[in-house]
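Working notes, structure below.
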Amino acid sequence: QKEVEQNSGPLSVPEGAIASLNCTYSDRGSQSFFWYRQYSGKSPELIMSIYSNGDKEDGRFTAQLNKASQYVSLLIRDSQPSDSATYLCAALWLTGANSKLTFGKGITLSVRP
Amino acid sequence: NAGVTQTPKFRILKIGQSMTLQCTQDMNHNYMYWYRQDPGMGLKLIYYSVGAGITDKGEVPNGYNVSRSTTEDFPLRLELAAPSQTSVYFCASSYSKGVTDTQYFGPGTRLTVL
Chain U
52 QKEVEQNSGP
62 LSVPEGAIAS
72 LNCTYSDRGS
82 QSFFWYRQYS
92 GKSPELIMSI
102 YSNGDKEDGR
112 FTAQLNKASQ
122 YVSLLIRDSQ
132 PSDSATYLCA
142 ALWLTGANSK
152 LTFGKGITLS
162 VRP
Chain X
36 NAGVTQTPKF
46 RILKIGQSMT
56 LQCTQDMNHN
66 YMYWYRQDPG
76 MGLKLIYYSV
86 GAGITDKGEV
96 PNGYNVSRST
106 TEDFPLRLEL
116 AAPSQTSVYF
126 CASSYSKGVT
136 DTQYFGPGTR
146 LTVL
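This is how it looks when you write it as structure tokens:
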């Protein structure tokens, strides 16, 4: 059973702080990792993807991947109230002719003004 | 580009009724997916398709059926609706199965079965 686990939330940070979101996955065969942001009542929206060990930065967002520890994280610098949402971690497996994403349950982030 | 569109946005069904959730994408994507999301949970894969005429089961297929007659459309059929099918349903698409490929999601259909 391929599983993606996220920290139980919710997570609350003050405006301007760094928010750190963590995720672990069960299968070492996972090849790609994604962070989706989901506002209440809306669909998931991709904000970061990472495929290689190390850090990947995009604006205020940094994704970190450690395949040896089976660990993925998302850092949000200078958090804004508009970052308040649920963040879903997902891992992708290639299986023959197909690829499948497995999602974690998500963690809800609240940024306090 | 409209991306991925879904209809209807909301629907209330009685137990035992049937309905079809529509999904259309205009990005010429080969891969299409149906997920359901229950409150406080991640997305669970119901069915997916790798191209017109080819579909396969995901993690939670029971009570659902799909077809894919064109590249653009991937409808999800609920037969004999049950309260356990109350959920938000998302359709998604991607160009390929590659490790770098991104799934794009539709706006969702909120279904209540009473």
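Residue numbers (the working numbering), protein chains in the order written: chain U, 52 to 164; chain X, 36 to 149.
Where a beta carbon is used, it is the ideal one built from N, C-alpha and C, also for glycine.
**Study point:** contact_flag[the region 47-61 of chain X, the region 116-125 of chain X] where n(CB pairs < 8 Å) is 3 or more
**Key:** By the C-beta criterion, the region 47-61 of chain X is judged to be in contact with the region 116-125 of chain X, since at least 3 inter-stretch pairs fall below 8 Å.
Check your understanding: Taking 8 Å as the CB-CB cut-off, is L152(U) touching chain X?
Key -> At least one C-beta of chain X is nearer than 8 Å to the C-beta of L152(U).
**Study point:** Those residues which DSSP pairs with T40(X) across a bridge
**Key:** Among the bridge pairs identified by DSSP, T40(X) is matched with T59(X).
Review point. When DSSP labels each residue in this structure, what does D134(U) get in the three-state scheme?
Key: Residue state, collapsed to three classes: helix.
Review point. Comparing the C-beta of T42(X) with each C-beta of chain U, is any distance below 8 Å?
Key: Interface annotation, T42(X): not in contact with chain U, CB-CB separation never under 8 Å.
Check your understanding: Hey, Q115(U) and V123(U) are a contact pair by Cβ (cut 8 Å); roughly how many whole angstroms apart?
Key -> The pair is a contact, with the Cβ atoms about 7 Å apart (cut-off 8 Å).
Practice item. Select from the region 87-118 of chain U all residues with a C-beta closer than 7 Å to any C-beta belonging to chain X, and list them in chain order. Key: Cβ contacts with chain X come from S94, P95, L97, S100, Y102.
Review point. Residues bridged to R163(U) by DSSP?
Key: Answer is P65(U).
Practice item. For N97(X), collect the residues of the same chain with a Cβ closer than 7 Å to its Cβ; drop the 5 residues on either side in sequence, then sort them by chain order. Key: The beta carbon of N97(X) lies closer than 7 Å to none in the same chain, with the five residues before and after it left out.
Check your understanding: Do the region 149-159 of chain U and the region 38-50 of chain X meet, that is, are 3 or more Cβ pairs less than 8 Å apart?
Key -> They do not touch, by the three-pair rule.
Point to revise | Neighbouring residues, chain U, relative to G141(X) (Cβ below 7 Å) | key: Here the neighbours are S94.
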